[in-house]
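A.B. asks: Can you read through this structure? Questions will come right after.
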Amino acid sequence: MTNLEKYNSVFCETLQIEENKLAGLNYQGTELWDSVGHMTLVAALEDAFDIMMETDDMIDLSSYEKGKEILRNAYSIDL
Amino acid sequence: MDYNQIIEYQADRYPYLFFDRVDELVPGSYCVGYKNLTMNEWFFPIHFVNDPCMPGYLQAEALTQICALTILSLPGNKGKTILLLSCDELRLMKKVRPGDKLVLKTKLLSYRHGIAKGEGKGYVDDKLVCSSVFTFALSDMEGRQFPTPKQKKS
């Protein structure tokens, strides 16, 4: 599984959303991406990529695309 | 850990406490306990009238309650309530009936930012009867300010 597949899988499983709905998805853009869902998503990303996210990065993770940018730039994950 | 010790850590109470005893507990790691089922359980007379068996979602609840002890036994968490967030991959292999001893073996997979993920398996007479993967949070997370993105102004 590539890193992108892993990343997409975390979003799809945590937010119970189809992969084709991920592009353009923002925080609170789907029912399960509320505050608790956000922390569940952060925890799942940390588990999947074996990282510990900084608080500022959790706040910045405001969209599917932004998350990719954060993982690439702050955690050197090739996405 | 007997009943009196269990209720020091676990906020659920009879008739919604689904284990009688804890045999093994390593905080932050794993927990094993069991529930002895008798016809006196509140759900047997109604589920089902002529075929009493433990509802599947209560088996999932029992696994979650036992697994929750792995974080309730960590410093500062004693007696807090647990909120179930998700229950995935629930498998129910065999009916659990009056007279059965349901052994619950659970493992904490991760615990980050107050969100815990665990897995559990239930056994009767050493035979696997149920399994599940679940996510839960401490109840005080509800009122806590999560580090979340700022909401967009409309």
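For the protein sequence lines, the chains are A and B, in the order given.
Just so you know, we're using numbering that gives the first Met the number 0 here: the first sequence kicks off at 0 and counts up by one.
Just so you know, we're using numbering that gives the first Met the number 0 here: the second sequence kicks off at 0 and counts up by one.
Backbone N, C-alpha and C define an ideal beta-carbon position, used for all residues, glycine too.
Note that the structure is predicted; figures quoted are calculated from it, not measured.
Taking 7 Å as the threshold (beta carbon to beta carbon), is S138 (chain B) in contact with chain A?
C.D. replies: No, no contact with chain A.
A.B. asks: Excluding the five sequence neighbours on either side, which residues of its own chain have a C-beta within less than 8 Å of the C-beta of S153 (chain B), listed in chain order?
C.D. replies: Caution applies to S153 (chain B), whose pLDDT of 49 falls short of 50 and renders its modelled position unreliable; the model cannot decide the point.
A.B. asks: Are F133 (chain B) and G117 (chain B) touching if we call contact CB-CB under 7 Å?
C.D. replies: Against a cut-off of 7 Å, the Cβ pair of G117 (chain B) and F133 (chain B) comes out as a contact.
A.B. asks: Buried or exposed, going by whether 16 or more other CB atoms sit within 10 Å of the CB of T39 (chain A)?
C.D. replies: So T39 (chain A) ends up on the buried side.
A.B. asks: Could you work out which residues of chain B lie near I16 (chain A), taking near to mean beta carbons separated by less than 9 Å?
C.D. replies: Under the 9 Å cutoff, chain B gives no residues; its nearest Cβ is about 14 Å from I16 (chain A).
A.B. asks: Just to confirm my understanding: we take S62 (chain A), look at its own chain, exclude 5 residues before and 5 after, and list those with CB closer than 7 Å. What are they?
C.D. replies: Closer than 7 Å at the Cβ level, and outside the excluded window around S62 (chain A), lie L24, N25, Y26.
A.B. asks: Could you tell me if Q58 (chain B) is buried or exposed, where buried requires 16 or more neighbouring beta carbons within 10 angstroms of its beta carbon?
C.D. replies: Buried is the call here.
A.B. asks: Spell out whether any CB of chain A is found under 7 Å from the CB atom of S109 (chain B).
C.D. replies: Cβ-Cβ to chain A under 7 Å: yes for S109 (chain B).
A.B. asks: Strictly under 7 Å for the Cβ-Cβ distance: is I114 (chain B) near chain A by that measure?
C.D. replies: With 7 Å as the cut-off, I114 (chain B) counts as an interface residue toward chain A.
A.B. asks: Run through chain B and tell me which residues come within less than 7 Å of V41 (chain A), C-beta to C-beta.
C.D. replies: H112, listed in chain order.
A.B. asks: Inspect the beta-carbon positions of K94 (chain B) and C66 (chain B) and report whether they are closer than 7 Å.
C.D. replies: No, the Cβ-Cβ distance between K94 (chain B) and C66 (chain B) is not below 7 Å.
A.B. asks: Just the chain B side, please: which residues come within less than 7 Å of S88 (chain A) by C-beta, in chain order?
C.D. replies: Given that chain A is displayed from residue 0 to residue 78, the structure contains no residue 88 (chain A) and the question cannot be resolved.
A.B. asks: Could you tell me whether any Cβ in chain B is nearer than 7 Å to the Cβ of T54 (chain A)?
C.D. replies: Taking Cβ atoms only, chain B reaches closer than 7 Å to T54 (chain A), which makes this a yes.
A.B. asks: Would you report the Cα separation of V48 (chain B) and R96 (chain B), rounded to the nearest angstrom?
C.D. replies: Rounded to whole angstroms, V48 (chain B) to R96 (chain B) spans 13 Å at the Cα level.
A.B. asks: Let me check understanding here. Comparing Cα to Cα, which of B:T63, B:Y29, B:T69, B:L36 lies closest to L89 (chain B)?
C.D. replies: It is B:T63.
A.B. asks: Under 6 Å Cβ to Cβ from V128 (chain B), same chain only, skipping five residues before and after it: list those, please.
C.D. replies: Excluding sequence neighbours, V128 (chain B) sits near M92, K93, V95, G121.
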